[in-house]
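Report on the structure given below.
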Amino acid sequence: MQLLTLNGNWRLKRTDEHEWIDAVVPGSVFNDLLLAGKMEEPYYRDNEMDALALTKFDYEYQRSFEADPKLLERDTVLLRCEGLDTLCEVLINGVLVLNTDNMHRTYETNVKNLLRNGLNEIRVVIRSATRFVIEKDKEFHLSSCADAVPGISHLRKAHSMFGWDWGPKIPDAGIWRDISILGYDQGRIDDVNLTQHHEAGAVRLDVRIETERLLPDTELTVRAVLEAPDGTLLEHEAISGTASISLSFEITNPQLWWPRNYGEQPLYTLRVILLSDKVEIDGRTLRIGLRTLVVRQEKDEWGESFEFVVNGRNVFAMGANYIPEDNVFGRLSPERTERLLQSCAEANFNCIRVWGGGYYPNNQFYDACDRLGLIVWQDHLYACGAYDFNDAFRENIRQETIDNVKRIRHHASLGIWSGNNELEYAWANWGWTERYGEKLRDAYLLQFEQFLPELNTEIDPNTFYWRSSPSSYGGIDDPNLENVGDMHYWDVWHGRKPVNEFRTLFPRFMSEFGLQSFPSLKTVESFTLPEDRNIFSYVMEAHQKNGTGNEKILYYISEYFKYPKDFESLLYVSQLIQAEGMRVGVEHWRRNRGRCMGAIYWQLNDIWPGASWSSLDYFGRWKATQHAAKRFFAPVLVSACEEGTDVSLHVTNDTLERFEGLLSWRLLDRRSEVIRTGETPVITDALSCREVVALELGTELDTPDKLRQRYLEFTLTTDGREVSGGTALFVKSKHFNYLDPRITAEVTEEEDQYVISLSADALAKFVLLDLRDADASWSDNIFDLSASITKRVVVPKSSLSTSLSLSQFQKQLCVSSLFDTYV
Ligand code: BMA
């Protein structure tokens with residue numbers, strides 16, 4: 045196989061203009077315009093509208109390349125485009141070779157007869173997707189997200205590029221993935237398909253290799269080498285004259301892959317080589333993990349289970365929903381994605397849902413999930429819209445599905461394919477049948493309950509297909525039930541119900557629930573001027589895409605917190621209520637492990653800087669929820685369920701080991717003086733939960749003052765090491781009588797880290813550590829601190845965004861707590 049990459053330097057211009065600018069491929073139009081100083085930063089203030097206006101033009105990419113004579117002599121010479129966004133005409137030496145309309149597909153076309161010795165030219169003309177969808181929608185209106193440009197269901201382009209209730213309307217365009225020319229003679233590898241058969245102590249790995257052969261009856265050799273994590277090699281070879289070749293590996297003592305915190309993530313490397321006369325003509329390398337991973341649905345006392353079962357053990361899925369990382373696609377990078385997924389791992393995630401309104405992530409995303417032990421819930425790319433399932437559309441998505449399922453299916457982390465996001469729910473609840481009639485409704489059923497599952501299962505019979513998220517029985521029959529299937533719950537937030545409402549729900553698997561917050565001041569500063577820094581200003585509202593969102597954030601704050609004293613305090617308190625909400629939900633569902641087997645909150649990340657449901661902001665900064673997740677997703681969790689003055693303490697063990705430890709608790713006054721205390725040895729079986737202590741504190745909490753001045757602190761330890769802990773108030777935080785905690789912080793320097801020792805004079809709620817200018821990663825943050833305790837927080841020097849000496853670090857360190865937001 046001879047590969048000529050066309051990645052790298054191109055030129056770009058608007059088709060109605062003459063001036064070319066430099067362009068980078070893979071990348072995007074906006075990224076190039078920005079680098080050339082041809083447009084303003086689209087995320088700054090209200091620049092979004094100017095950026096949207098630029099999407100109404102057509103653009104043209106151009107470059108020349110040298111084709112060496114050897115390439116031209118190959119039997120087959122293909123142009124391969126792994127991501128053209130979206131309505132593209134591709135011309136080689138002036139001849140049209142491709143017309144594309146799907147950014148999720150890989151296109152190949154034979155260009156052998158068009159290439160010439162020496163210099164060649166390739167041009168990619170990109171027609172305006174914005175114009176296209178708006179025009180199409182006039183011909184045939186199809187409902188889609190109300191916050192997006194109309195008509196997006198007509199085009200196979202990441203829907204959220206056109207706007208969502210957390211993202212701007214900035215549909216960038218470009219050559220967003222690799223582009224190359226491939227030349228080969230006898231043939232090439234078309235596909236490598238793996239099936240694992242697990243038996244006691246052994247795994248048989250079946251490898252089916254599909255080859256494309258240019259001369260049908262010639263014999264080609266396939267060699268497959270499997271390298272175990274310890275370097276041991278197994279090798280097989282077969283000679284065949286047919287297109288399809290099968291090989292098998294018998295792996296004894298297999299090292300099994302587990303989701304994070306359940307075990308290790310050992311990976312095997314499979315290298316498949318195609319040879320002709322002992323000469324390698326093509327090769328593929330796949331990293332794989334040995335495991336069984338199924339979704340179990342079995343009738344039980346509560347209805348029907350919905351749970352991941354890995355290597356025979358049921359896993360409580362913990363994580364968040366992933367959305368596209370940027371509207372400007374040229375800013376996407378494997379390094380950014382890696383950082384994002386590292387943040388998930390640090391916060392004890394074991395699962396991530398790739399939401400259906402974006403794109404199928406690149407290979408590095410799934411590689412990282414394999415390495416980090418994150419089970420991937422992969423939606424197919426349909427979200428919140430009606431689709432016209434006509435013949436052309438069907439053929440288009442058939443190819444899209446084949447391309448992506450084949451690309452992703454071998455990953456150890458892949459746990460589920462889901463047909464779409466909220467389409468079944470929409471058909472059931474949003475009046476679409478009345479609007480569009482039964483024909484389109486039946487087309488929905490055909491697409492997601494027949495066509496897609498058949499196709500998906502044909503290509504990947506090893507991974508569970510789920511028709512829609514959420515779904516119950518299918519057939520548009522009450523798709524959001526608690527007792528069967530997965531559930532999206534939005535009465536908290538969209539329905540303004542109180543956060544405690546989560547405790548009344550017993551879903552089998554909660555795949556969406558969330559609360560919004562603002563990003564931190566540093567992030568807000570990136571898109572505002574000082575005069576914009578008021579949450580109801582024009583610019584702050586332009587960065588809030590969910591209609592009455594800022595008002596709702598304020599409403600939820602008012603339920604639990606006092607009115608914050610200034611803008612920065614308001615940003616921080618908005619994050620606290622979000623974190624508290626997510627904690628209340630997740631802890632409750634983990635206390636009901638077995639009945640509920642998943643808590644995937646909405647949403648992990650941001651597409652731009654603004655208000656949203658994310659726990660990581662656009663720059664990857666951790667909001668309070670991400671810090672809280674590290675605690676509420678701890679593999680062994682202690683959590684409190686308060687009802688009046690009664691509190692039960694529960695331990696949930698999401699590891700494969702029996703947990704033995706000690707649970708201690710203290711009822712303290714606001715100065716952290718002890719009122720009552722106790723401790724209990726705890727034994728909790730693997731993969732189970734139980735109530736450990738039921739406390740009645742009515743005697744100690746018999747006056748309104750005591751209720752407002754006393755709190756419970758609890759800690760779970762094993763061998764003297766804290767594994768989980770928390771505090772519980774008996775009134776809403778806004779009514780608690782906090783004292784000034786007067787926190788002191790001492791920083792010491794160790795070889796590769798700074799260590800902060802914190803202590804306080806009284807209960808300090810939600811202690812926030814930050815650096816004035818730099819960013820850092822904190823071993824813990826936004827935690828409660830009792831007066832009697834010295835808390836140690838570590839910052840690795842390698843995590844600092846700019847290197848700081850000890851005194852610079854001390855100068856930049858800001859320590860505050862909830863108390864400071866009031867006075
Ligand atoms: C869910 C998602 C998104 C949306 C979010 C918040 O239902 O599937 O479409 O952004 O709610 O409204």
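Residues in the sequence shown are numbered from 45 upward in steps of one, following my numbering.
For every residue, glycine included, the Cβ atom is placed at its ideal position computed from N, Cα and C.
Given the structure is predicted, the values throughout are model-derived calculations rather than measurements.
Coarse secondary structure for residue i, derived from DSSP in three states
i      : result
Gly333 : coil
Trp633 : helix
Asn146 : strand
Thr507 : coil
Ile452 : helix
Trp709 : strand
Tyr404 : coil
Phe876 : Any question about residue 876 goes unanswered here, given that the chain covers just 45 to 867.
Pro113 : helix
Ile597 : helix
Gln422 : strand
Trp646 : coil
Tyr798 : strand
Lys750 : helix
Cys413 : helix
Arg118 : coil
Lys778 : helix
Asp690 : strand
Ala623 : helix
Pro653 : coil
Pro497 : helix
Tyr488 : helix
Ser72  : coil
Leu548 : Looking at the sequence provided, one finds Thr at residue 548 rather than Leu. In the structure shown, Thr548 sits in a helix (DSSP, three-state: H, G or I).
Opening and closing residue of the alpha helix (DSSP H) in which residue i lies
i      : result
Gln230 : Premise fails: Gln230 is in no alpha helix (DSSP H) and is neither H nor E.
Thr477 : Trp476 to Tyr480
Gln386 : Pro378 to Glu390
His671 : Ala668 to Phe676
Arg540 : It is not in any alpha helix (DSSP H) - Arg540 carries neither H nor E in the DSSP assignment.
Gln854 : Leu850 to Gln856
Glu183 : Ala173 to Glu183
Glu468 : Leu467 to Asn473
Ala97  : Glu92 to Leu98
Val867 : First-last for Val867: undefined, no H or E at that position.
Residues that residue i bridges to, as DSSP identifies them
i      : result
Leu56  : Ile65 and Tyr105
Met362 : Ala643
Tyr312 : Ile332
Asn237 : Arg252
Asn697 : Val680 and Ser732
Glu704 : Ile727
Gln46  : Gly227
Leu660 : Trp666
Pro303 : Answer by DSSP bridge pairing: none, since Pro303 is not bridged.
Neighbourhood of residue i by C-beta distance below 6 Å, restricted to the same chain and skipping five residues each side
i      : result
Asn590 : Asp209
Leu142 : Val134, Tyr151 and Thr153
Cys879 : Only positions 45 to 867 of the chain appear in the structure, and residue 879 is not among them; the question remains open.
Pro679 : Asn305, Asp698 and Thr699
Arg577 : Phe611
Ile800 : Ala789, Val791 and Val837
Nonlocal neighbours in the same chain, by C-beta distance under 7 Å from residue i, ignoring five residues either side
i      : result
Phe580 : Asn594
Arg786 : Ala804 and Asp805
Asp535 : Lys541 and Glu545
Ser659 : Ala364, Leu648, Lys667, Thr669, Gln670 and Ala673
Where the beta strand (DSSP E) through residue i begins and ends
i      : result
Phe373 : That residue, Phe373, is in no beta strand (DSSP E); it is neither H nor E in DSSP.
Phe571 : First-last for Phe571: undefined, no H or E at that position.
Asp814 : Ala808 to Leu815
Arg257 : Ala246 to Arg257
Leu278 : Leu277 to Ser284
Ala268 : Leu264 to Glu271
Leu829 : Phe827 to Leu829
Residue-level contact to chain D via CB, residue i, 8 Å cutoff
i      : result
Ile460 : No chain D appears in the structure shown, which is made up of a single protein chain.
Contacting residues, own chain, Cβ-Cβ under 8 Å from residue i (five flanking each side not counted)
i      : result
Arg639 : Trp346, Phe550 and Arg552
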